[in-house]
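Each residue of the sequence shown is one higher than the one before, counting from 14 in this note's numbering.
Cβ coordinates follow ideal geometry from the N, Cα and C atoms, glycine included.
These notes concern the structure reproduced below.
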Amino acid sequence: MGSYLIRRDDGISDGIAGQVFDSYDAAYAVVESYYADICCSDDREYYRIEVLSEELPGSPQLTPPP
14 MGSYLIRRDD GISDGIAGQV FDSYDAAYAV VESYYADICC SDDREYYRIE
64 VLSEELPGSP QLTPPP
C-alpha cells in the first residue's frame, strides 16, 4: 500500500493540496468532488495526485542494520 499526495499545479498549498491519503481512490474522490462543483471556469485550480511511496506485493521489507 502506498501514500498519495494531492498537489496543486501552481505549487500553492490550500485546503485540498497537501493532503496525503493511503489510497489513490481516496485522493481521487477529493479531487473529483472539487471539480464536480465547478462548471466551465478558467478560475479553477488544477490538482494532481502524486505517489509518495509505493510498496509492491512480495517486496522485502528493508530494515536498517543494528
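- Here tyrosine 47 is not near tyrosine 59, since their CB atoms are 8 Å or more apart.
- Residue burial annotation: alanine 40 is buried, with at least 16 other C-beta atoms found within 10 angstroms of its C-beta.
- Proximity to aspartate 56 across Asp23, Ser16, Ile19 and Tyr17 peaks at Asp23, based on C-alpha coordinates.
- Among the bridge pairs identified by DSSP, valine 64 is matched with Tyr17.
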